[in-house]
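Asks: Protein chains in written order, with this note's numbering: chain A, 65 to 487; chain B, 994 to 1288.
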């Protein structure tokens, strides 16, 4: 069975390279500009990217690929400004929730026809849900989903043991989890970061009660999909958690420091924090694990999911740029990438590779991504106004500060969000 | 005849005028044009009249950003000058290598990249573990969440701002101090004036034009504050301003509208409003200065 899968993957890879070889005839002396996140252009990740580039350029004589790492905002600003000035990179990464902005300014080519021309085996490798998020309409495809995440609950086992909590079984419901948070605080330690400070962490807690259908946007009438009753419940959770939190956001270095120094029990965040904690485990004996974020009922999970995307710019290099994009997102490359960094990605076939799925972080991440709520769906339809995220954060913080009751906060927030989206 | 006569002069100022027109005048005028249009940077601009201005002026973010800006300016500009003047007087009282040492030490934050300065300060301000909270802890003060507590965030920013700008202002004031004739101090000493009297009756009046420059420059810089609050709050194009927008400022809002919301017309209107405000304040400063000199 495994031999069969490997053989199919090898054939699919060879087909891609062969297709690339055919493309090489019209892609002589082309230099592709390839923009990636800055952490993809450092250390082992860069070495792996360069390996992919070498394999691709060896199969495509005359094609050169320049890789450039950029920070989140620099990627977006560069792509938006590049679209305006006609100086776009040929292949580039960005976050899924920035996709609509990039479509609006014409930075992303519709690659549907090219994708459909790929061998069926290759097309079927992608996670269907992830691929669907790149398709605002049946015949429009604006990205290939690349790496991704589903939020995880990192647990400091030392803190939990000190608080008298049995760590062998993770909490399965919100009530169980909250009871543990209270025990941690009673033992004189912090339970959780302030989840109201960052849009993603608000989403993570919202997902413990809500789902993708009650989060995100109704673009048909430009209203929010946030459900008032669910948000009321979630704002109450923030109020309840307020005395237990660190006062720092999930992204702050101070939060990681508290976790590493055994003063913080729980940290809800993506898998990218794991290398830091892994290093702390080696150097200072940090005892931790990662589990699913529990939802209101057993079997339901909290957390958000999102993907980094690979997009192709419209223009004369579009063909060969797509070949490169499809090459780096193909199973063989994505499995190597996953094994190297233990990072979840949108190539379901790569995730199912026994060597990959055996990695603990990948195993939990796959489950987390499938149970999590989409961060800002539907994607690629319309541009989220700049007032949206700040409104959500504002009302969550104001309710936690006692300025509104949860019911008032939810009502006001939704009214304000609808006003923001109507602009 | 006169054109030919002055041709060399025109040629000499031409490089500046060309660069000025290309990189200053043209962007301002095109910004003004786009401010009346709905424009995403790529598609053809669509005329919307004063729609962009209207949307900005009634938005919650604009009102919050302006409120924050006034409060920030009211503290950071006078306090910044006060600190810079103090440092300049301190450095001026030293001679030789110590004067050089202090001048360089106080100037160091000016040359530090903003992201590095913000990283240092995020570490200093961190709750529980941060340097400042450790020091406060020695005196029994509980941990303060400087960058997330809405009551302390703006003061945390002011401290960083003064730390960065004081060195620059100090150098300018120092140059002004060197130009004050020493005879004035000698005469004051003979008349029995104390050090404080010398400062208030000689130093500060003689530094008038320098302090005016430092004040005006500080005011203009403060109105354009962007990088420090952006970095201190870990902002991005889709989420900026920190907890409850306590560190939201106009340029941040403008950037968010441009690159987060892809509304370049709206961002251009924002930029134009800000430009008008800066020009107005600067003109007012010069008018007040001229009026006080005439008096």
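Where a beta carbon is used, it is the ideal one built from N, C-alpha and C, also for glycine.
By DSSP's criteria, residue 369/A is part of a beta bridge. Which residues make up the other side?
Replies: Start at 1 with the first residue of the first chain, and residue 369/A comes out as number 305. Bridge partners of residue 369/A: 214/A and 438/A.
Asks: I need the straight-line Cα distance from residue 19/A to residue 1045/B, nearest angstrom please.
Replies: The question about residue 19/A has no answer here: the residues shown for chain A are numbered 65 through 487.
Asks: For the segment 249-256 of chain A against the segment 315-333 of chain A, are there 3 or more C-beta pairs whose distance is under 8 Å?
Replies: Yes, the segment 249-256 of chain A touches the segment 315-333 of chain A.
Asks: Would residue 1033/B pass as an interface residue toward chain A - the criterion being a Cβ-Cβ separation below 7 Å?
Replies: Taking the first residue of the second chain as 1, we reach residue 1033/B at position 40. For residue 1033/B, the answer is yes, since a Cβ of chain A falls inside 7 Å of its Cβ.
Asks: Between residue 1203/B and residue 1166/B, is the Cβ-Cβ spacing less than 7 Å?
Replies: Taking the first residue of the second chain as 1, we reach residue 1203/B at position 210. Taking the first residue of the second chain as 1, we reach residue 1166/B at position 173. It is a contact, given that the beta carbons lie within the stated cut-off.
Asks: To the nearest angstrom, how far is it from the Cα of residue 425/A to the Cα of residue 214/A?
Replies: Sequence index remark: in the first chain, residue 425/A carries index 361 (1-based). Sequence index remark: in the first chain, residue 214/A carries index 150 (1-based). Residue 425/A and residue 214/A: Cα-Cα distance of roughly 11 Å.
Asks: Just how far apart, CA to CA, sit residue 336/A and residue 1027/B?
Replies: One-based indexing of the first chain puts residue 336/A at position 272. One-based indexing of the second chain puts residue 1027/B at position 34. Each residue's alpha carbon lies about 41 Å from the other.
Asks: Compare the Cα-Cα distances from residue 1246/B to each of 1113/B, 1208/B and 1053/B and report the closest residue.
Replies: Your numbering for residue 1246/B matches position 253 in the second chain. Considering only alpha carbons, the answer is 1053/B.
Asks: For residue 436/A, which residues in the same chain have their Cβ closer than 7 Å to its Cβ, ignoring the five residues on either side in sequence?
Replies: Your numbering for residue 436/A matches position 372 in the first chain. These residues qualify, in order along the chain: 214, 215, 271, 365, 367, 368 and 369.
Asks: Counting C-beta neighbours from all protein chains within 10 Å, is the total for residue 1184/B 16 or more, i.e. buried, or is it exposed?
Replies: To locate residue 1184/B, count along the second chain from 1; it is residue 191. By the neighbour-count rule (16 or more Cβ atoms within 10 Å), residue 1184/B is not buried but exposed.
Asks: Along the alpha helix (DSSP H) that carries residue 1002/B, what are the first and last residues, could you check?
Replies: On the second chain, position 9 is the one that residue 1002/B refers to. From DSSP, the alpha helix (DSSP H) with residue 1002/B extends over 995-1013.
Asks: Any beta-carbon of chain B closer than 7 Å to the one on residue 86/A?
Replies: Locating residue 86/A in the first chain gives position 22, where the first residue counts as 1. With a pLDDT of 43 at residue 86/A, under the threshold of 50, the modelled position of this residue cannot be trusted, and the question is left open.
Asks: Please return the same chain residues whose Cβ sits closer than 8 Å to the Cβ of residue 1039/B, not counting the five positions on each side in sequence.
Replies: Locating residue 1039/B in the second chain gives position 46, where the first residue counts as 1. Only 1030, 1031 and 1032 meet the Cβ criterion.
Asks: Below 8 Å, how does it come out for the segment 201-212 of chain A and the segment 170-181 of chain A: are there three or more Cβ pairs, yes or no?
Replies: Yes, since at least three Cβ pairs between the segment 201-212 of chain A and the segment 170-181 of chain A fall closer than 8 Å, the two stretches touch.
Asks: So, does the segment 1083-1096 of chain B touch the segment 1142-1153 of chain B, judging by three or more C-beta pairs under 8 Å?
Replies: Cβ pair count under 8 Å is below three, so no.
Asks: In chain B, which residues lie less than 9 Å from residue 263/A when you measure between Cβ atoms?
Replies: Here the question's residue 263/A lines up with position 199 in the first chain. Simply 1231 and 1232.
Asks: Using a threshold of 7 Å, state whether the C-beta atoms of residue 377/A and residue 195/A are closer than that.
Replies: In the first chain, the residue the question calls residue 377/A occupies position 313. In the first chain, the residue the question calls residue 195/A occupies position 131. Result no, Cβ atoms of residue 377/A and residue 195/A do not sit closer than 7 Å.
Asks: Distance cutoff 7 Å, beta carbons only. Does residue 82/A sit that close to anything in chain B?
Replies: Translated into the one-based positions of the first chain, residue 82/A becomes position 18. Its pLDDT being 45, under 50, residue 82/A is placed unreliably by the model, and the measurement read from it follows with that caveat. Residue 82/A does not count as touching chain B.
Asks: Give a yes or no on whether the minimum CB-CB distance between residue 1254/B and chain A is below 7 Å.
Replies: In the second chain, the residue the question calls residue 1254/B occupies position 261. With 7 Å as the cut-off, residue 1254/B counts as an interface residue toward chain A.
Asks: Among the residues of its own chain, which have a CB less than 6 Å from the CB of residue 405/A, if the five just before and after it don't count?
Replies: Your numbering for residue 405/A matches position 341 in the first chain. So no residue of the chain qualifies.
Asks: With DSSP as the reference, identify every bridge partner of residue 286/A, one or two as the case may be.
Replies: Taking the first chain and counting its residues from 1, the one referred to as residue 286/A is at position 222. None, per the DSSP bridge assignment.
Asks: Should residue 497/A be labelled buried (16 or more other beta-carbon atoms within 10 Å of its own) or exposed?
Replies: Residue 497/A cannot be examined here, being either before or after the span of chain A that is shown, 65 to 487.
Asks: Taking the alpha helix (DSSP H) that residue 323/A falls in, what are its first and last residues?
Replies: Along the first chain, read from residue 1 onward, the residue named residue 323/A stands at position 259. Start and end: 317-324.
Asks: Could you say which of 188/A, 197/A, 239/A and 259/A lies nearest to residue 414/A if we only look at CA atoms?
Replies: What you label residue 414/A is simply residue 350 of the first chain in a count that begins at 1. With distances taken between Cα atoms, residue 414/A lies closest to 188/A.
Asks: Pick helix, strand or coil for residue 408/A, following the three-state DSSP scheme.
Replies: Within the first chain, the letter at position 344 stands for residue 408/A. In this structure, residue 408/A counts as coil in the three-state DSSP scheme.
Asks: Residues of the segment 302-327 of chain A in Cβ contact with chain B at a cutoff of 9 Å, in chain order, please.
Replies: Against chain B - using a Cβ distance shorter than 9 Å - the residues of the segment 302-327 of chain A are 310, 311, 312, 313, 315, 316, 317, 318, 321, 322, 325 and 327.
Asks: Which residue's Cα is closest to the Cα of residue 396/A: 379/A, 420/A and 381/A?
Replies: Working through the first chain from its first residue, we reach residue 396/A at position 332. Checked all of 379/A, 420/A and 381/A; the closest Cα to residue 396/A is 420/A.
Asks: Which residue from 318/A, 162/A, 399/A and 228/A puts its Cα closest to that of residue 1232/B?
Replies: The sequence position of residue 1232/B within the second chain is 239, counting from 1. Ranking 318/A, 162/A, 399/A and 228/A by Cα distance to residue 1232/B puts 162/A first.
Asks: For residue 442/A, return the contacting residues in chain B, with the cut-off set at a CB-CB distance below 9 Å.
Replies: Locating residue 442/A in the first chain gives position 378, where the first residue counts as 1. Those within 9 Å of residue 442/A in chain B number zero; the least Cβ separation is about 16 Å.
Asks: Suppose the cutoff is 7 Å on Cβ atoms and the five residues either side in sequence are ignored; what does the same chain contact list for residue 1102/B look like?
Replies: To locate residue 1102/B, count along the second chain from 1; it is residue 109. So the list reads 1110, 1156, 1157 and 1160, once near-sequence residues are dropped.
Asks: For residue 434/A, count neighbouring C-beta atoms within 10 Å of its own C-beta (all shown protein chains included) and say buried if the count is 16 or more, exposed if not.
Replies: Here the question's residue 434/A lines up with position 370 in the first chain. When all chains shown are included, residue 434/A counts as exposed.
Asks: List the residues of chain B that residue 140/A touches, going by C-beta distances under 9 Å, in chain order.
Replies: Indexing the first chain from 1 puts residue 140/A at position 76. Neighbours of residue 140/A on chain B, chain order: 1229, 1230, 1231, 1252 and 1253.
Asks: Of the residues 363/A, 180/A, 184/A and 149/A, which one's Cα is nearest the Cα of residue 170/A?
Replies: If you number the first chain from 1, residue 170/A lands on position 106. Nearest of 363/A, 180/A, 184/A and 149/A to residue 170/A, Cα basis: 149/A.
Asks: Report yes or no: do the segment 1123-1138 of chain B and the segment 1061-1079 of chain B share at least 3 C-beta pairs separated by less than 8 Å?
Replies: Because the criterion of three Cβ pairs below 8 Å is not met, the segment 1123-1138 of chain B and the segment 1061-1079 of chain B do not touch.
Asks: Determine the chain B residues that contact residue 348/A at a beta-carbon separation under 7 Å, and present them in chain order.
Replies: Residue 348/A sits at position 284 when you count from the first residue of the first chain. Chain B residues near residue 348/A: none, gap ~14 Å exceeds 7 Å.
Asks: Counting along the chain, where does the alpha helix (DSSP H) carrying residue 1247/B start and finish?
Replies: Indexing the second chain from 1 puts residue 1247/B at position 254. Taken as a continuous stretch (DSSP letters only), the alpha helix (DSSP H) holding residue 1247/B covers 1243-1248.
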